[in-house]
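Peer 1:
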Amino acid sequence: MNPSTLLARVIVRQIIEAGVTDVVISPGSRNAPLSIAFHQASVKNLIKLHVRIDERTAGFFALGIAKASGRPVPIVCTSGTAVANYHPAVLEASHTNIPLLVLTADRPASLRKTGANQTTEQARIFGKAVRYFADVSGSVYPMELPFNSLQSGPVHINIQFEEPLVGDKSDNWLNDLTITAPKVFDRKAPGTFYTKSTRGVLVIGHDRGGLSAESVRDFAEKLGWPVIAEDPLSFENAISHASVFLTSKTIADDLVADTVVVIGRTTLSRSINAFIKMARKEIVID
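Residue 25 in the numbering used here sits at position 45 of the sequence shown; the count goes up by one each step and never skips.
(1) Is W153 near the ligand GDP - that is, is its Cβ less than 6 Å away from at least one heavy atom of it?
(2) Since K28 is in the beta strand (DSSP E), which residue starts that stretch and which ends it?
(3) List the DSSP bridge partners of A85.
(4) State the Cα-Cα distance for the pair R51 and S132, rounded to the nearest angstrom.
(5) May I ask you to report which of helix, strand or coil DSSP gives G180?
(6) State the CB to CB distance for the pair I16 and V116, rounded to an integer number of angstroms; the pair is presumed to be in contact (CB under 8 Å).
(7) Tell me F113's beta-bridge partners as DSSP assigns them.
(8) How is P68 classed by DSSP in three states: helix, strand or coil?
(9) Looking at C-alpha atoms only, which residue of N138, P88, F127 and V56 is the closest neighbour of R32?
(10) In whole angstroms, what is the alpha-carbon distance linking M(-19) and P88?
(11) Looking at the structure shown, is A73 part of a helix, part of a strand, or coil, going by DSSP?
(12) Name the two residues that bound the continuous alpha helix (DSSP H) containing E343.
(13) First and last residue of the beta strand (DSSP E) that includes D2?
(14) Among all the DSSP beta bridges, which residues are the ones paired with T239?
(15) Taking C-alpha atoms, which residue in G(-1), A200 and A(-12) lies nearest to H19?
(16) Look at the alpha carbon of S(-16) and the alpha carbon of R197, and state the distance between them as a whole number of angstroms.
(17) Short of 6 Å in beta carbon distance, which residues of its chain neighbour V264, apart from the five on each side in sequence? Order them along the chain.
(18) Just tell me which of A62, H221, P144 and R(-7) has its CA closest to the CA of V37.
(19) Are the CB atoms of V4 and A42 nearer to each other than 7 Å?
(20) What does the alpha-carbon distance come out to for the pair G8 and T58?
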């Protein structure tokens, strides 16, 4: 077995055993070892494989999965300028603490600064936007992926693959896996909240203040207040189109709350932000 295939299988095996359920791949040549390994795993229903040709689209697609699920999502691309197209999604993940695992395939370090095709300085390309970075070369075995670092944001693993990039077709390496339960990162433990207000509104921002969607849903159910959510798909009981009808000052005045609890970073809607400011008391959980 060639070193590139072995390294890719080590990485994919750890990802699956960590309970990761989805991966987003942008096809290319240099990332073939990872693409083949993930495909073999998907055939055995060990992971759900999403293919997106455009890397920028792939990055935001993976970001959406990670936001909705609270679970780490790997994104995989080939070498060269393809990597730079992940940067917008990585910045979003950094600012919102989303567990995005960026796996970028690279050519050997000896080809850097030589004018080789599809080769650029991929090492530390995302700068301080990632919580952890590693530039991996050769057959590193065993190798431990930094899953704990994903609790606070994106992680970048740059992997130098040498030719040959395609190995044997055996999938025996996927036997005898020890798969843990899918890990949902709940970066904060919910505390105790006391209020005497009977006329209140709960506003849930896009990052949920580092709490899992399950924790926030449980809190909202116990609170029993109307809910306005930046991510309505995660909160089916949220009020639909609040940002539209709250543009009416008459309606907003009629609905003004004694207390507004905001979980996470506030919404982008001007009308909802104005409605929050109208409340007699505002409590922010972030």
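The beta carbon of each residue, even a glycine, is placed where N, CA and C say it ideally should be.
These numbers come from a predicted model, not from an experiment.
Peer 2: According to the data block:
(1) The ligand GDP is not part of the structure shown, which contains no ligands of any sort.
(2) Along the sequence shown, one-based indexing puts residue 28 at 48. Counting along the chain, the beta strand (DSSP E) containing K28 begins and ends at K28 to V31.
(3) Counting from one through the sequence shown, the residue named residue 85 turns up at place 105. A85 is bridged to I139.
(4) Position 71 of the sequence shown, counted from the first residue, corresponds to residue 51. Position 152 of the sequence shown, counted from the first residue, corresponds to residue 132. Roughly 12 Å separates the two Cα atoms.
(5) In the sequence shown, the residue the question calls residue 180 occupies position 200. Strand at G180.
(6) Position 36 of the sequence shown, counted from the start, is the residue given in the question as residue 16. Position 136 of the sequence shown, counted from the start, is the residue given in the question as residue 116. Contact flag wrong, Cβ pair sits at about 18 Å.
(7) As a first step, residue 113 must be located in the sequence shown, where it is residue number 133. Per DSSP, H136.
(8) For the purposes of this step, residue 68 is taken as residue 88 along the sequence shown, with counting starting at 1. If DSSP states are grouped into helix, strand and coil, P68 belongs with the helices.
(9) Against the sequence shown, residue 32 aligns to sequence position 52. Of the candidates N138, P88, F127 and V56, the one whose C-alpha sits nearest the C-alpha of R32 is V56.
(10) Translated into positions along the sequence shown, residue -19 becomes position 1. Translated into positions along the sequence shown, residue 88 becomes position 108. Looking at the two C-alpha atoms, the distance is approximately 18 Å.
(11) Translated into positions along the sequence shown, residue 73 becomes position 93. Of the three classes helix, strand and coil, the one that applies to A73 here is helix, per DSSP.
(12) Residue 343 is absent from the structure shown; the chain starts at -19 and stops at 266.
(13) As a first step, residue 2 is located in the sequence shown; it is residue number 22 there, counting from the start. Its beta strand (DSSP E) spans residues D2 to I5.
(14) Residue mapping note: residue 239 aligns to position 259 of the sequence shown, counting from 1. Looking at the DSSP assignment, T239 forms a beta bridge with G180 and K261.
(15) The sequence position of residue 19 within the sequence shown is 39, counting from 1. When only C-alpha atoms are compared, the closest one is A(-12).
(16) By 1-based counting over the sequence shown, the position of residue -16 is 4. By 1-based counting over the sequence shown, the position of residue 197 is 217. So the alpha carbons of these two residues sit roughly 44 Å apart.
(17) Within the sequence shown, residue 264 is the residue found at index 284, counting from 1. Answer for V264: V242, listed in chain order.
(18) Position 57 of the sequence shown holds residue 37. Residue identity differs from the one stated: residue 37 is Thr in this sequence, not Val. Residue A62 is the option with its Cα nearest to T37.
(19) Against the sequence shown, residue 4 aligns to sequence position 24. Against the sequence shown, residue 42 aligns to sequence position 62. Their beta carbons are under 7 Å apart, which means V4 touches A42 by this criterion.
(20) Counting from one through the sequence shown, the residue named residue 8 turns up at place 28. Counting from one through the sequence shown, the residue named residue 58 turns up at place 78. Spanning the two alpha carbons is a distance of roughly 5 Å.
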